[in-house]
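Structure record follows, encoded as structure tokens.
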Amino acid sequence: MNRFLALEVKRIIHSKRFLGVIFIGGFLAVVQYFTVGFKQRFPLINWSGIGVRYPQPWYEYWMGGEWYSLFSYTFYMIFPLLATATIGDTLVSDRTSGYLRHMFILGERKQYYKARFISAFFSGGIVIIIPLLLNMLLCAVTCPSVYPQAATGTAPIFTSSMWSSLYFSHPLIYTFLYLLVDFVYGGLFASFSVAIGIATRNRFLPLVFPFITYLFSFTVFSAVGLYKYAPFNFLSPSQRVFDISFLVIVIEAVLILVPTVLLFVWGAKKDETL
Amino acid sequence: MIRFTEFFTQIKRDVHNSFFLNRYKYLLTVIMFLLFCLYFDMNYNSMVNLGLIENKASFGDVILFVFSGMKEHISNPSIKFEIPITWLSCQLFITYLVGDYISRDMTTYGHQYIMRATHKSYWLIGKVIYCIFTVFCFYLVGYATIWLYTLAFKSPSLFLNYDVCGCLSLIDVSVLNISDYIVGVIVLPIFTSVVLAVAQTILTLWLKPIYSIICVIAYVCASAYYFSYFLIGNYSMILRSKKIVEEGMSINAKYIDPVAALIIDGLLVIILFFIGILMTRKYDYIEKA
Numbered sequence: 008m009n010r011f012l013a014l015e016v017k018r019i020i021h022s023k024r025f026l027g028v029i030f031i032g033g034f035l036a037v038v039q040y041f042t043v044g045f046k047q048r049f050p051l052i053n054w055s056g057i058g059v060r061y062p063q064p065w066y067e068y069w070m071g072g073e074w075y076s077l078f079s080y081t082f083y084m085i086f087p088l089l090a091t092a093t094i095g096d097t098l099v100s101d102r103t104s105g106y107l108r109h110m111f112i113l114g115e116r117k118q119y120y121k122a123r124f125i126s127a128f129f130s131g132g133i134v135i136i137i138p139l140l141l142n143m144l145l146c147a148v149t150c151p152s153v154y155p156q157a158a159t160g161t162a163p164i165f166t167s168s169m170w171s172s173l174y175f176s177h178p179l180i181y182t183f184l185y186l187l188v189d190f191v192y193g194g195l196f197a198s199f200s201v202a203i204g205i206a207t208r209n210r211f212l213p214l215v216f217p218f219i220t221y222l223f224s225f226t227v228f229s230a231v232g233l234y235k236y237a238p239f240n241f242l243s244p245s246q247r248v249f250d251i252s253f254l255v256i257v258i259e260a261v262l263i264l265v266p267t268v269l270l271f272v273w274g275a276k277k278d279e280t281l
Numbered sequence: 055m056i057r058f059t060e061f062f063t064q065i066k067r068d069v070h071n072s073f074f075l076n077r078y079k080y081l082l083t084v085i086m087f088l089l090f091c092l093y094f095d096m097n098y099n100s101m102v103n104l105g106l107i108e109n110k111a112s113f114g115d116v117i118l119f120v121f122s123g124m125k126e127h128i129s130n131p132s133i134k135f136e137i138p139i140t141w142l143s144c145q146l147f148i149t150y151l152v153g154d155y156i157s158r159d160m161t162t163y164g165h166q167y168i169m170r171a172t173h174k175s176y177w178l179i180g181k182v183i184y185c186i187f188t189v190f191c192f193y194l195v196g197y198a199t200i201w202l203y204t205l206a207f208k209s210p211s212l213f214l215n216y217d218v219c220g221c222l223s224l225i226d227v228s229v230l231n232i233s234d235y236i237v238g239v240i241v242l243p244i245f246t247s248v249v250l251a252v253a254q255t256i257l258t259l260w261l262k263p264i265y266s267i268i269c270v271i272a273y274v275c276a277s278a279y280y281f282s283y284f285l286i287g288n289y290s291m292i293l294r295s296k297k298i299v300e301e302g303m304s305i306n307a308k309y310i311d312p313v314a315a316l317i318i319d320g321l322l323v324i325i326l327f328f329i330g331i332l333m334t335r336k337y338d339y340i341e342k343a
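Rendered as structure tokens:
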């Protein structure tokens with residue numbers, strides 16, 4: 008499996024699509040910084056004649072920490088597309104081109120599919136995390152890192168929000184925990200798209216199916232008033248709606264993971280490529 | 055010389071594909087519009103319970119609710135940027151319907167056609183017609199779904215109720231006449247979606263389909279955020295049209311003139327088509343295949 012993993016990782020790192028997707032995410036991150044974060048770099052300016060105000064920390068206006076800019080909205084809207092774009096259709100194209108046959112000659116099918124799952128998971132997570140980290144670093148080097156204050160009314164997190172006490176006492180830990188959530192979901196979307204590729208011969212379907220599911224879940228949960236269940240609302244560290252629950256995040260991750268694993272197991276057993 | 059047989063064979067094939075290839079996606083369209091009806095119902099019932107609405111909602115009210123869009127967004131850190139889910143889902147789902155048809159066609163049957171055809175432009179016209187028919191089918195399925203819902207649970211007429219539209223769509227329908235309604239709610243959303251679909255198709259000649267979808271989604275989100283004639287998503291939101299904005303009595307209010315929007319949409323389709331012609335002339339089909 009290590010051999011397969013090394014091959015897949017090398018393929019991903021050297022692929023133009025991996026760089027292209029990171030470029031798109033990075034572009035959104037940089038533009039968000041210059042339109043939002045950059046304006047906050049002089050925090051102690053006299054404010055409305057009242058005097059010096061408490062500086063707004065970068066936790067409240069980095070790309071994941073705010074909910075009012077176009078670029079933050081767009082990033083979380085195209086989240087599944089970014090995760091799946093690198094690797095989503097590679098299994099279908101490998102099967103068509105005959106690459107899969109060569110791989111199965113080199114080792115066991117099970118080991119190959121395991122390696123594909125792991126490489127897909129990490130590639131999906133990395134393409135999501137890199138733009139967020141870039142934006143976070145840009146904001147952190149130019150803007151204050153003071154504790155957010157609930158009394159200022161500028162923080163997007165409220166007392167009823169998930170991990171609110173952590174946000175106000177240890178905001179950096181909160182941010183990194185949420186980055187981990189985004190990494191896991193990015194990885195799950197990417198693995199799910201590769202898993203779809205096991206069951207179909209259409210190259211386009213694995214790329215967009217996670218996005219369509221994401222969009223449909225947003226529509227369904229909005230239609231019935233259960234906003235906190237839509238991944239679009241809970242993936243952003245700014246928590247776009249109230250009463251988001253970590254249990255919901257875990258359950259929905261498991262709901263993506265289970266069919267993904269089942270499809271990979273089924274593919275490993277039933278693949279008749281050779 | 056135009057070869058009519060060759061031309062109509064290509065068009066017939068693309069029209070057939072716009073129905074046949076997307077037949078399961080139209081089922082998803084039905085589900086999506088049923089969800090919109092459920093969303094409308096949830097909001098309608100809460101307003102009825104508050105005593106703000108007395109009339110029974112009509113087909114016209116639901117259509118207006120689904121396609122009204124949003125007022126001009128004022129960027130403010132204390133205001134969360136939200137795009138109405140009904141408007142956004144329609145625009146994004148069409149990107150899925152259009153999909154990678156041109157890219158797939160170019161490497162399969164279309165590749166053979168282009169190599170042998172007298173006029174390569176026939177092939178591209180076929181793709182534009184595919185976009186038009188796909189968008190029309192999407193909206194037709196959507197309207198039919200909403201009409202059936204209103205037939206079963208509400209009133210299936212096109213009559214706009216003042217209280218329903220005022221509370222749910224935030225529109226004073228007394229300023230609208232029938233032509234404003236048809237242009238603003240039916241013609242412009244369809245026409246704008248066609249332009250976006252054609253733009254996505256032409257973009258796919260240059261980029262991979264996934265990148266063209268990302269570009270269109272980003273453009274649609276930007277249209278909701280910024281008010282500009284350059285962002286044509288604004289044209290499909292009746293809440294940003296001239297009569298509705300002027301009714302709000304703000305002197306410096308910005309609005310979309312529906313006539314100008316129609317003209318710009320028409321010009322854009324033509325411009326995009328000619329860009330596509332130029333790109334197909336320089337395209338190396340053999341290497342790409």
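As given, the protein sequences belong to chains A and B, one line each in that order. Take the first sequence: its position 185, counted from the start at 1, is 192 in the numbering used here, and no numbers get skipped. Take the second sequence: its position 215, counted from the start at 1, is 269 in the numbering used here, and no numbers get skipped. Even for Gly, the Cβ is constructed at its ideal location relative to N, Cα and C.
Problem - Interface positions of the region 199-216 of chain B facing chain A (Cβ-Cβ less than 9 Å), listed along the chain - result: Listed by position, the residues of the region 199-216 of chain B near chain A (Cβ gap below 9 Å) amount to none.
Exercise for the section: Name the residue from 198(B), 153(B) and 270(B) whose alpha carbon lies nearest to the alpha carbon of residue 90(B). Expected result: Ranking 198(B), 153(B) and 270(B) by Cα distance to residue 90(B) puts 198(B) first.
Handout entry: Exposure label - residue 17(A); buried when at least 16 CB within 10 Å
Key = exposed
Handout entry: Residues of its chain near residue 271(A), where Cβ-Cβ distance is below 6 Å and the 5 sequence neighbours each way are ignored
Key = 120, 124 and 202
Exercise for the section: Identify which residue in 261(A), 166(A), 211(A) and 183(A) has its Cα closest to the Cα of residue 353(A). Expected result: Any question about residue 353(A) goes unanswered here, given that chain A covers just 8 to 281.
Handout entry: Residue from 101(A), 168(A) and 100(A) with nearest C-alpha to residue 253(A)
Key = 168(A)
Practice task
Taking residue 80(A) as the query, report the chain B residues whose CB atoms sit under 8 Å from its CB, ordered along the chain.
Solution key: 135, 137, 275 and 279
Handout entry: C-alpha distance - residue 96(B) paired with residue 190(B), whole-angstrom precision
Key = C-alpha separation (whole angstroms): 28 Å.
Practice task
Note down, in chain order, each residue of its chain lying with its Cβ closer than 7 Å to the Cβ of residue 181(A), except the 5 sequence neighbours on either side.
Solution key: 170, 173 and 174
Problem - Beta-carbon gap between residue 256(B) and residue 160(B) smaller than 9 Å - result: no
Exercise for the section: Flag this pair as yes or no: are the beta carbons of residue 241(B) and residue 111(B) separated by less than 9 Å? Expected result: no
Practice task
Below 7 Å between beta carbons is the criterion; list the residues of the region 204-226 of chain A that meet it against any residue of chain B, in chain order.
Solution key: 211, 214, 215, 219, 222, 225 and 226
Practice task
May I have the straight-line CA-CA distance separating residue 176(A) from residue 252(B), to the nearest angstrom?
Solution key: 51 Å
Handout entry: Test: residue 242(B) CB closer than 9 Å to a CB of chain A
Key = Interface with chain A (9 Å Cβ-Cβ cutoff): residue 242(B) is excluded.
Practice task
Output, in chain order, the set of chain A residues within a Cβ distance shorter than 8 Å of residue 159(B).
Solution key: Within chain A, no residue comes near residue 159(B); the closest Cβ sits about 12 Å away, beyond 8 Å.
Problem - Cβ-based burial, residue 181(B) [other Cβ within 10 Å; buried from 16] - result: Its Cβ being crowded by 16 or more others within 10 Å, residue 181(B) is buried.
Exercise for the section: Have a look at 309(B), 272(B) and 300(B) and flag the residue whose alpha-carbon is nearest the alpha-carbon of residue 290(B). Expected result: 309(B)
Handout entry: Paired residues, beta bridge with residue 295(B) - DSSP
Key = 310(B)
Practice task
Would you list the residues sitting across from residue 112(B) in a DSSP beta bridge?
Solution key: Checking the DSSP bridge columns, you'll see residue 112(B) partnered with 209(B).
Practice task
Please state whether DSSP places residue 164(B) in a helix, a strand or coil.
Solution key: DSSP, reduced to helix, strand and coil, places residue 164(B) within a helical segment of the structure shown.
Practice task
Using a Cβ cut-off of 9 Å (strictly closer), state whether residue 96(B) contacts chain A.
Solution key: Yes, its Cβ sits closer than 9 Å to a Cβ of chain A.
Exercise for the section: Show which residues of chain A have a CB atom less than 8 Å away from the CB atom of residue 101(B). Expected result: Chain A residues near residue 101(B): none, gap ~14 Å exceeds 8 Å.
Exercise for the section: Give the interface partners of residue 100(A) over in chain B, defined as CB-CB distance under 9 Å, in chain order. Expected result: What residue 100(A) touches in chain B: nothing, since even the nearest Cβ is about 12 Å away.
Exercise for the section: May I ask which residues mark the beginning and end of the alpha helix (DSSP H) holding residue 236(B)? Expected result: It is not in any alpha helix (DSSP H) - residue 236(B) carries neither H nor E in the DSSP assignment.
Exercise for the section: Under 8 Å between beta-carbons, which chain A residues line up against residue 129(B)? List them in chain order, please. Expected result: 75 and 76
Practice task
Using only the heavy atoms of the ligand PLP, determine whether one of them is closer than 8 Å to the beta carbon of residue 219(B).
Solution key: The model on display carries no ligand, and the ligand PLP is accordingly not part of it.
Handout entry: Selected residue, minimal CA-CA separation from residue 103(A), among 217(A), 204(A), 223(A) and 224(A)
Key = Residue 204(A) is the option with its Cα nearest to residue 103(A).
Handout entry: Neighbouring residues, chain B, relative to residue 180(A) (Cβ below 7 Å)
Key = What residue 180(A) touches in chain B: nothing, since even the nearest Cβ is about 24 Å away.
Problem - Below-9 Å beta-carbon distance, residue 319(B) vs any chain A residue - result: When Cβ-Cβ separations below 9 Å define contact, residue 319(B) makes no contact with chain A.
Handout entry: Contiguous alpha helix (DSSP H) assignments of at least 4 residues, all confined to the region 121-170 of chain B
Key = 139-152, 155-161 and 163-170
Practice task
Flag this pair as yes or no: are the beta carbons of residue 132(A) and residue 194(A) separated by less than 9 Å?
Solution key: yes
Exercise for the section: Would you mind stating whether residue 259(A) and residue 234(A) have Cβ atoms separated by less than 9 Å? Expected result: no
Problem - Per-residue contacts from residue 92(B) into chain A (C-beta, under 8 Å) - result: Correct list: 230 and 231.
Practice task
On a CA-only basis, which of 256(A), 200(A), 22(A) and 70(A) is nearest residue 268(A)? Give me that one, please.
Solution key: 200(A)
Handout entry: Reduced DSSP secondary structure (H/G/I, E/B, other) of residue 170(A)
Key = coil
Problem - residue 84(A) at chain B interface by Cβ criterion, 9 Å - result: yes
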